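Chemist: Structure provided below as structure tokens; questions to follow.
Structure below.
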């Protein structure tokens, strides 16, 4: 009973943080992004996004606690270590390996961040892989000029991980022993599923988020959505190819080193 109440409390706290962080972000966005904005205004806006992000983490944690078994709630050290490593690689992949494409006052980017989100989902499962991508790339947004996209990034990257993990482990049982052909096709198929979602969802959610929550003019968000679709497609192709290659290459080495995580679904 006490554990159930704790789960409810975590979820409700998360919802509250999301609400207050989102409202504060909307109210402070215009002032923080205008020319000559003070550092205090920018700080308030950043704190609002951080609050909303923490809320998403708390709410997701509460939902996850209800959705998984007791054993799955306590991942082993290997899983946590790999999730943390992939979160750091997601941050690096977006922050240091990207090409910015300005669109009016906004911009989109071709980057390598998604690669490690997909790779994490393949190796350690959808939830932890998605959290690695969500946390790593949200921090990247918060510490760069993409700060306004942080809440959207968290949700979309978590969804990418969940989709890749669902196809790879729930449907195809990827971590079990299979033939090389089956492993290759499953790895590519799962990666492709996550990236197809992103190609559709990223420009669409970005358009709605920036138009109706941030109040950016529609002529700018429409152009941004069109260019974003192209850049997201490029990101998808590179992600499927590189993430699949890395998984198939690293899988035997991790198994030999006894660092491979077997996902039981």
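In this note's numbering, the protein residues as written are 1234 to 1498. The beta carbon of each residue, even a glycine, is placed where N, CA and C say it ideally should be. On a predicted model such as this, the values are computed, not experimentally measured, just so you know.
With three or more C-beta pairs closer than 8 angstroms as the rule, is the segment 1440-1457 touching the segment 1258-1269?
Modeler: Yes, they touch.
Chemist: Using only alpha-carbon positions, find the residue among 1371, 1395, 1290 and 1332 that is nearest to residue 1430.
Modeler: Of 1371, 1395, 1290 and 1332, the residue nearest in Cα terms is 1395.
Chemist: If residue 1354 sits next to residue 1362, beta carbons under 8 angstroms apart, how far is it from one beta carbon to the other, in whole angstroms?
Modeler: Confirmed, Cβ separation roughly 3 angstroms.
Chemist: Could you check what DSSP says for residue 1466 in three-state terms: helix, strand or coil?
Modeler: Note: residue 1466 maps to helix in three-state DSSP.
Chemist: Could you check whether residue 1373 and residue 1440 sit closer than 8 angstroms to each other, using their CB atoms as the reference points?
Modeler: Not a contact, by the Cβ cut-off of 8 angstroms.
Chemist: Measure from the alpha carbon of residue 1437 to the alpha carbon of each residue in 1491, 1312 and 1461, then state which is nearest.
Modeler: Measuring from the Cα of residue 1437, the nearest candidate turns out to be 1461.
Chemist: Round the Cβ separation of residue 1386 and residue 1480 to the nearest angstrom and send it over; I've been treating them as touching at under 8 angstroms.
Modeler: The pair is not a contact, with the Cβ atoms about 23 angstroms apart (cut-off 8 angstroms).
Chemist: The alpha helix (DSSP H) with residue 1356 in it runs from where to where?
Modeler: Unbroken alpha helix (DSSP H) run through residue 1356: 1346-1357.
Chemist: Suppose you measure from the CA of residue 1409 to the CA of residue 1492; what does that come to, to the nearest Å?
Modeler: Roughly 14 angstroms between the two C-alpha positions.
Chemist: Whole angstroms are fine: how far does the CA of residue 1470 sit from the CA of residue 1464?
Modeler: Roughly 10 angstroms between the two C-alpha positions.
Chemist: Between the segment 1316-1331 and the segment 1270-1277, can you find at least three pairs of beta-carbon atoms closer than 8 angstroms?
Modeler: Taking 8 angstroms as the limit for Cβ pairs, the verdict is that the segment 1316-1331 does not touch the segment 1270-1277.
Chemist: In chain order, what residues of the same chain have a beta carbon less than 8 angstroms from the beta carbon of residue 1380, not counting five sequence neighbours either side?
Modeler: The answer, listed in chain order, is 1278, 1279, 1282 and 1374.
Chemist: Quick one: residues in its chain with C-beta nearer than 6 angstroms to the C-beta of residue 1369, no 5 flanking neighbours on either side, listed in chain order?
Modeler: Correct list, in chain order: 1320, 1323 and 1324.
Chemist: So, helix, strand or coil for residue 1306, using DSSP?
Modeler: Confidence at residue 1306 is low in this model, with a pLDDT of 48, below 50, so the placement of that residue should be treated as unreliable; the coordinate-derived value is given next. It is helical.
Chemist: Given a cut-off of 8 angstroms on the beta-carbon distance, is the pair residue 1251 and residue 1295 in contact?
Modeler: Contact: no.
Chemist: Considering only the beta carbon of each residue, do residue 1400 and residue 1423 sit closer than 8 angstroms?
Modeler: Cβ atoms of residue 1400 and residue 1423: closer than 8 angstroms.
Chemist: Three-state secondary structure (DSSP) at residue 1257?
Modeler: Helix, per DSSP.
Chemist: Compute the Euclidean distance between the alpha carbons of residue 1489 and residue 1466, then round it to the nearest angstrom.
Modeler: Whole-angstrom Cα-Cα distance: 35 angstroms.
Chemist: Find out if the Cβ-Cβ distance for the pair residue 1367, residue 1331 is shorter than 8 angstroms.
Modeler: Cβ atoms of residue 1367 and residue 1331: not closer than 8 angstroms.
Chemist: Please report the straight-line C-alpha distance between residue 1500 and residue 1263, rounded to a whole angstrom.
Modeler: Residue 1500 lies beyond the residue range present for the chain, which begins at 1234 and ends at 1498; the question has no answer from this structure.
Chemist: Quick check on the burial criterion: 16 or more other C-beta atoms within 10 angstroms. Buried or exposed for residue 1499?
Modeler: With the chain represented from 1234 up to 1498, any question about residue 1499 goes unanswered, as that position is not in the structure.
Chemist: For residue 1450, name the three-state secondary structure that DSSP assigns.
Modeler: Coil, per DSSP.
Chemist: With a threshold of 16 other CB atoms inside 10 Å of the CB of residue 1443, please say whether the residue is buried or exposed.
Modeler: Burial call: buried.
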